[in-house]
Amino acid sequence: MSKETDGIWVPFRDGVFLCKEVKLFEEVRNLFQRSGQPLPPDKENYLHQAFTNHKPSGLPAGYEVLNFGKNKTVVFRKVDGAVNVTHLCAGFTKVRAALSAFLRSHPQVRVVEQIRGNTRAQGTYIALADIDIICDRFKFENPKDQILSMIHATPSGEPLSDLCEATAKNDYGVGNCTPPNATATASGSESVRILEALEG
Numbered sequence: 065m066s067k068e069t070d071g072i073w074v075p076f077r078d079g080v081f082l083c084k085e086v087k088l089f090e091e092v093r094n095l096f097q098r099s100g101q102p103l104p105p106d107k108e109n110y111l112h113q114a115f116t117n118h119k120p121s122g123l124p125a126g127y128e129v130l131n132f133g134k135n136k137t138v139v140f141r142k143v144d145g146a147v148n149v150t151h152l153c154a155g156f157t158k159v160r161a162a163l164s165a166f167l168r169s170h171p172q173v174r175v176v177e178q179i180r181g182n183t184r185a186q187g188t189y190i191a192l193a194d195i196d197i198i199c200d201r202f203k204f205e206n207p208k209d210q211i212l213s214m215i216h217a218t219p220s221g222e223p224l225s226d227l228c229e230a231t232a233k234n235d236y237g238v239g240n241c242t243p244p245n246a247t248a249t250a251s252g253s254e255s256v257r258i259l260e261a262l263e264g
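Reading the sequence shown from the start, the letters are residues 65 to 264 in this note's numbering.
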């Protein structure tokens with residue numbers, strides 16, 4: 065690392081690894097490709113290897129981080145698997161705007177929580193049972209199976225996959241993976257207003 069008059073410089077390889085770890089790589093990919101140097105393989109990213117099992121600070125109790133796919137992370141609630149879709153959109157500003165419109169036109173996709181503030185958990189959470197809809201629509205890699213394997217069971221001991229199937233067919237909301245006695249959730253249109261306020 066060297067300190068120049070216009071900022072801090074790191075070697076090319078370290079810069080690639082760092083950008084991947086902080087989820088900026090897609091935004092600066094063209095800059096790296098213009099260097100004429102080959103991109104180092106992901107398997108050599110010592111930053112990712114060092115922090116794979118590290119639990120990030122700033123997560124409230126009951127929230128977990130899943131590292132999946134190619135340098136992707138997503139926060140989810142361990143009790144019911146509600147997924148932070150804001151994290152799935154990381155690095156894709158246009159997709160975040162499209163997600164707002166999609167939630168507005170698809171109220172069956174249940175927003176179960178909004179977390180505001182400067183924490184790792186900040187974002188819009190949807191029911192785990194609805195993650196397929198979002199991932200199919202926006203061509204995201206789907207973390208559902210990995211989240212289910214991390215959860216294993218609800219506090220009552222009922223397998224979460226059974227809970228998702230049962231609640232998807234009841235009066236508590238199509239695809240809602242939240243138990244019937246859970247707190248009320250925002251509708252698709254309400255969540256869009258919240259998202260727009262956060263982005264504006």
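A virtual CB, placed ideally from N, CA and C, is assigned to each residue, including glycine.
Asked                                                                                                 : Found
Whether Ile179 touches Pro104 by CB criterion (9 Å)                                                   : no
Residue nearest to Arg174 in terms of C-alpha spacing, selected from Gly145, Cys153, Lys84 and Phe156 : Gly145
Spatial distance of Cys228 from Leu212 (CA atoms)                                                     : Unreliable positioning characterises Cys228 in this predicted model, as indicated by a pLDDT of 48, which lies under 50. A coordinate reading is not provided.
For Lys87 and Ala154, the rounded distance between their alpha carbons                                : 7 Å
Where Glu205 falls: helix, strand or coil (DSSP)                                                      : coil
Cβ-based neighbour list, Asp196, same chain, cut-off 8 Å, excluding 5 preceding and 5 following       : Asn206 and Lys208
Cα-Cα separation between Asp200 and Tyr110, rounded to whole angstroms                                : 32 Å
Alpha-carbon spacing of Lys203 relative to Gly100, whole angstroms                                    : 30 Å
Top-ranked residue by Cα proximity to Arg184, from Lys158, Thr150, Ala193 and Val176                  : Thr150
Close Cβ partners of Pro75 (< 6 Å) along its chain, the five nearest in sequence each way excluded    : none
Per-residue burial, Asp106 [other beta carbons within 10 Å of its own, 16 or more giving buried]      : exposed
Of the listed residues Ile198, Glu177, Ile72 and Gly71, nearest to Tyr127 (C-alpha basis)             : Glu177
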